[in-house]
Amino acid sequence: MKQTAILLLSISLVCSQQACKNRQQTNTQTADTTTTAPASQPDTDVTITDRLAELGLTADSDWRGITLGDDFDKVKGAEKGEPFESDDDHVGYTIEFKNLESADMLYYQTAKKVSAIDVDLFLNNRESVNAYQKELGAYFTAHYGTPKANQWTSPNGITVTMKDVSKGKDFGLKVRMSIANGSATASAK
-9 MKQTAILLLS ISLVCSQQAC KNRQQTNTQT ADTTTTAPAS QPDTDVTITD RLAELGLTAD
51 SDWRGITLGD DFDKVKGAEK GEPFESDDDH VGYTIEFKNL ESADMLYYQT AKKVSAIDVD
111 LFLNNRESVN AYQKELGAYF TAHYGTPKAN QWTSPNGITV TMKDVSKGKD FGLKVRMSIA
171 NGSATASAK
């Protein structure tokens, strides 16, 4: 009787260890869900993480399928966010994420071309701010080259800045993208 109990106990122990091992392998396999795609600059890979994909970023555009210099009408066709404001100079969209974070995007135009993009990320905590800073920083570096003090400047005149605008319990980031020769600029909120 004791031998049967020990045998059953040993079998259940081995089975539970095997189940844990299989779960660890599954977690390891699903943990790395980034994709790499070619960028507009040679010898540069743009990594689109799950967080950046949820934000709508792609390897072949500046922001959410829009490239600075595109026809301004393209924004209305490409942007999947909910519109919240519009006038002759700009249009604004908002998106919400599953974790109750959100982003507002303002697309500005000069001569019917997208000349600037202003993005406000409304985040839940410091960890989220740090994660977005890291992932967006890598994304912008792959697109526009090495930054100087959180400012990226591409050879074709695109300038991108990213700033932590967190205050107290309100966490967030502000991203501004503009063409050097565009006369419209992102708002100075």
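Just so you know, the sequence shown maps onto residues -9 to 179 in my numbering.
By construction, the Cβ of each residue, glycine as well, lies at the ideal position given by its N, Cα and C atoms.
Only a predicted model underlies this, so the values are computations on that prediction, with no experimental measurement involved.
Taking the Cα of K102 as reference, the smallest distance to any Cα among K138, D79, K157 is reached at D79. An exposed status is given to S76, since fewer than 16 other beta-carbon atoms sit within 10 Å of its beta-carbon. Close CB contacts of Y129 within its chain, under the 8 Å cut and outside five residues either way in sequence, are with V36, T37, I38, L42, L47 (chain order). Counting the other CB atoms within 10 Å of its CB gives A93 a total of 16 or more, which places it among the buried residues. Ranked by Cα distance from K159, the first of P145, A132, L113 is L113.
According to the DSSP assignment, T131 belongs to the alpha helix (DSSP H) that extends over 116 to 134. Nearest to L90 by C-alpha distance, out of V81, Y83, L111, is L111.
Assignment of G147 by DSSP, reduced to helix, strand and coil, places it in the coil class. Between the C-alpha atoms of H133 and K153 there is a straight-line separation of about 18 Å. Residue environment: A106 is assigned as buried (16 or more neighbouring CB atoms within 10 Å of its CB, all protein chains considered).
Within the DSSP bridge table, the entry for E44 names no partner.
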